[in-house]
Structure formats: C-alpha cells, structure tokens
Amino acid sequence: MKTSLDHLPANKQRELERVVQIVFEEFEDAFALSTQNWKKKGRILKIVLYGSYARGNWIDEPHTAKGYKSDYDLLVIVSDKRLTDRVKYWTRVDERLIREYGITESLKTPVNFIVHTMQEVNDGLAQGRYFFMDIARDGIALYEADDSELATPKPKAPHAALDLAKEYYEEWYPSGGEFFDNYKFNLSKGRLNNAAFQLHQCTERLYTASCWSRPFTLR
C-alpha cells in the first residue's frame, strides 16, 4: 500500500498527522482503565486515507459561493471485531473531530472515518466489493502497526455485482437520513457549523448510495 503524501500541500500533511494523533489519543483514553483482556490487547493496525484526498482530486473552496470542502476519508483497521462498535468505542473520536473542526476550528478539514477489522477488509476484497477495491487501489497508509498487506482484490461477476449494489444502497441511503436528522437538530439549536457538517455528511452518504447502486452505469 502507498505511504507517500507528497501530492498534498504541506498544511494538509500536517493536518492529517494531527488527525491520526487525535484518533490514537481518544482510542487509548477509551481503554485506559479497561480490565478485560481483549480490550487491553485491542490495537489499531492501520489508518488508511482514501477518497478524494488519496486520489488527488479533492476540493477545498470555503471562500467560494459553493463553499465546498472535501472530507478526509479514513479507514481505521482494528485487531478485534468487537472494537468496530461505533457507538461503544468511537463516539469520543467522532465528537473530538467534530469539535476541533466545527467549534475550535483547529482542524480546517472535516473528517469522516469507518472502522473495520483486517478480516472484514480482506473478505470485502475477496468478494470483489467495489468500496474496498477502491481503497486497496487508491488508499494511502497513514499508520501501520506492521507490514501486513491487504488481500488481492477479486472483481465480481455481473449478477453478484447487482446483488451487491442493492446491499450498498440499503446500507448507505438510511445512513444519509440519520445525518439529515442530525442536521435538522443542530440547525434548530443554532449550531450552524455543526449543522453544515452534518448536512455535508448526509450528502456524502446519499451520493455514495447512488454511486454504488449503479455499478453498470458508473463503471
């Protein structure tokens, strides 16, 4: 997997270093007092940048009429399936990243991250899932605990791709609705920066639902 960020401006490289630091700080704090052995052994194996900042086609136009800013999209790979529970173990990371972008503005770029085990990622590659195949092709490792490589991608047959497209739609479309609810709540409270961030996340998920549910027209 690629590791170079030379295609990014220096300020973006420094900001990504800060994002990785935040992820580790909150992850370690969440388990600092754990007594269960599996939690004490829990580790982040890889943090991978994917999406527009990995490909080099990001948009950062906060001062234009559109005011659009691409997210940093991160894949966090962990050592135990139980660590992928977003609500139990990653809420603090979410809140910290949102706060540092939307409130303190110490981060100038919004961050979106997902959490999977290495087995889940490799299974996705073996099954020809477009999402994981794109990450394997374009992703840039920001952190690696060791030199283990991802599995070799295997493209899907057309009938299997159609089934997978339906699965992607059913996964991503409802997620967009959840972020839209968060947008409305923050807007009602006058939290405009956070509201804008939530609406942006909603749009990202609806767009993803559309892209991944149309594999034969977009690929």
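Letter by letter, the sequence shown follows residues 5 to 223 in my numbering. We put the CB at the ideal spot given by N, CA and C, even for glycine. Keep in mind that this is a model prediction, so the values were computed, not measured.
Requested in this report: With a 10 Å radius around its C-beta and 16 neighbouring C-beta atoms as the bar for buried, classify residue 14 as buried or exposed.
Outcome: exposed
Report task. Per DSSP, which residues does residue 121 bridge with? Please list them. Result -> 82
Query raised in the report: To the nearest angstrom, how far is it from the Cα of residue 146 to the Cα of residue 139?
Result: 13 Å
Query raised in the report: Nearest CA to the CA of residue 21: which residue from 51, 34 and 164?
Result: 51
Query raised in the report: Around the C-beta of residue 42, are 16 or more other C-beta atoms found within 10 angstroms, so that it is buried, or is it exposed?
Result: exposed
Query raised in the report: Where do the ends of the beta strand (DSSP E) carrying residue 72 lie?
Result: From DSSP, residue 72 is part of no beta strand (DSSP E); its letter is neither H nor E.
**Report entry** For residue 158, three-class secondary structure by DSSP
**Finding:** coil
Requested in this report: Give the DSSP bridge partners of residue 64, in chain order.
Outcome: 73
Query raised in the report: Among the residues of its own chain, which have a CB less than 6 Å from the CB of residue 155, if the five just before and after it don't count?
Result: 126, 129 and 130
Requested in this report: For residue 145, write down the residues that DSSP places opposite it in a beta bridge.
Outcome: 52
**Report entry** Of the listed residues 72, 159 and 27, nearest to residue 3 (C-alpha basis)
**Finding:** Here the chain has residues from 5 to 223 only, and residue 3 is not among them.
Report task. Consult DSSP for residue 43 and reduce its assignment to one of helix, strand or coil. Result -> helix
Report task. Would you mind stating whether residue 135 and residue 216 have Cβ atoms separated by less than 8 Å? Result -> yes
Report task. Just the C-alpha distance for residue 188 and residue 152, rounded to the nearest angstrom, thanks. Result -> 43 Å
Query raised in the report: What is the DSSP secondary structure of residue 170, reduced to helix, strand or coil?
Result: helix
Requested in this report: Report yes or no: do three or more beta-carbon pairs, one from the region 177–192 and one from the region 201–212, lie closer than 8 Å?
Outcome: yes
Query raised in the report: If you run the structure through DSSP and keep just helix, strand and coil, what is residue 112?
Result: coil
Query raised in the report: Is residue 168 near residue 133, with beta carbons less than 8 Å apart?
Result: yes
Query raised in the report: Between the region 114–126 and the region 76–91, are three or more C-beta pairs nearer than 8 Å?
Result: yes
Requested in this report: Could you please give me the residues that DSSP links to residue 6 through a beta bridge?
Outcome: 144
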